[in-house]
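J.: I am attaching a structure below and will ask some questions about it afterwards.
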Amino acid sequence: MPTSEPLRELIVRLWGESGPNTPVLATLGDLPAGYRPMESYAVVPSPANARFLVPIADHAAAAATLTCYNRLRSGQVRATRRVLGAGFRTGLAQRLLRHRLTVGLRSDIPAGQAADHLLGEHLRRVLDVPRIVFGLGVRPLDPNGKPTLQVFSGDGAPSATRRSAGVPPPRRWPRPRRRPWRPSVPRWPRPVPGRAGRAPTSPRSCTTARGATCSSR
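Structure follows, in structure tokens:
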């Protein structure tokens with residue numbers, strides 16, 4: 440299934456690389472044997488053009504991940520999230536949006552150790568609540584960027600926002616831009632009274648803030 444690079448990177452940062460016998464497996468297909476499902480998200484609108492991961496949980500909680508914390512967003516984004524939130528609140532979006540991201544835990548790992556492997560379970564234990572869900576936007580991540588999770592209780596009440604440090608850093612760091620150095624404007628000596636308008640007859644020199652010397656005739 441075609442998957443956008445930002446979505447792949449987000450999956451790796453939150454749930455790690457997939458591989459044989461890994462404790463946690465996040466997949467856009469069916470979980471293989473040996474894993475039990477722990478979390479499920481609607482990929483909106485599709486894996487190839489993912490913009491949101493919305494938890495498939497209680498309708499109110501799913502809608503809340505889209506309709507809360509929108510004050511600083513643009514008008515177009517707020518409108519889109521309100522429409523999607525209304526669809527998840529009524530259950531219509533769950534039926535129309537078929538793409539799912541399923542997160543599974545290896546079956547031999549006891550439930551009491553789930554918090555050691557899953558971020559959601561870890562946050563539930565830290566916040567001391569019976570159940571939490573979180574949603575997040577999918578966008579390109581720069582080396583210093585972190586996914587921002589909007590955390591809600593099972594009934595849709597806001598619990599926290601959290602920035603995840605993610606897993607390993609990118610393989611290739613972008614080269615920093617270097618701003619070209621520009622010498623500061625030199626301060627010329629004040630004109631001698633009575634000689635205004637007369638050009639200097641001998642070279643004058645000055646030193647800029649960085650030590651560069653300039654002269655004029």
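Position one of the sequence shown corresponds to residue 440 (the working numbering), numbered consecutively onward. Glycine is no exception: its CB is placed at the ideal position from the N, C-alpha and C atoms. This one's a predicted model, so the numbers in the text were calculated from it and none came from an experiment.
#1: Quick check on DSSP: helix, strand or coil for A496?
#2: T442 by DSSP, collapsed to three states: which one?
#3: Assign L570 to buried or exposed, taking buried as 16 or more other Cβ atoms, counted over all protein chains shown, within 10 Å of its Cβ.
#4: From V463 to R475, what distance separates their C-alpha atoms?
#5: D567: which of V590, A532, H556 sits nearest, CA to CA?
#6: Using 8 Å for Cβ pairs, my map puts P558 next to L453. What's the rounded Cβ distance?
#7: Tell me whether the beta-carbon of T442 lies closer than 7 Å to the beta-carbon of P484.
#8: Taking 8 Å as the cut-off, does the stretch 543-558 touch the stretch 519-529 (at least 3 CB pairs, one atom from each stretch)?
#9: Since R521 sits in a beta bridge, which residues does DSSP pair it with?
T.: Looking at the coordinates:
#1: What you label residue 496 is simply residue 57 of the sequence shown in a count that begins at 1. The three-state reading of DSSP puts A496 in coil, since its state is none of H, G, I, E or B.
#2: Start at 1 with the first residue of the sequence shown, and residue 442 comes out as number 3. Of the three classes helix, strand and coil, the one that applies to T442 here is coil, per DSSP.
#3: The count along the sequence shown starts at 1 and reaches residue 570 at position 131. First, the amino acid is wrong: residue 570 is Arg here, not Leu. Counting Cβ neighbours within 10 Å, R570 comes out exposed, since fewer than 16 surround it.
#4: In the sequence shown, counting from the first residue as 1, residue 463 sits at position 24. In the sequence shown, counting from the first residue as 1, residue 475 sits at position 36. Rounded to the nearest angstrom, the gap between the Cα atoms of V463 and R475 is 10 Å.
#5: Taking the sequence shown and counting its residues from 1, the one referred to as residue 567 is at position 128. Taking only the C-alpha atoms, the option nearest D567 is V590.
#6: To locate residue 558, count along the sequence shown from 1; it is residue 119. To locate residue 453, count along the sequence shown from 1; it is residue 14. At residue 558 the sequence reads Leu, which differs from the Pro that was named. The Cβ separation is near 6 Å, so the contact holds.
#7: As a first step, residue 442 must be located in the sequence shown, where it is residue number 3. As a first step, residue 484 must be located in the sequence shown, where it is residue number 45. Between T442 and P484, the gap from beta carbon to beta carbon reaches 7 Å or more.
#8: Not touching, per the Cβ criterion.
#9: Numbered from its first residue, the sequence shown carries residue 521 at position 82. DSSP output for R521 lists no bridge partner at all.
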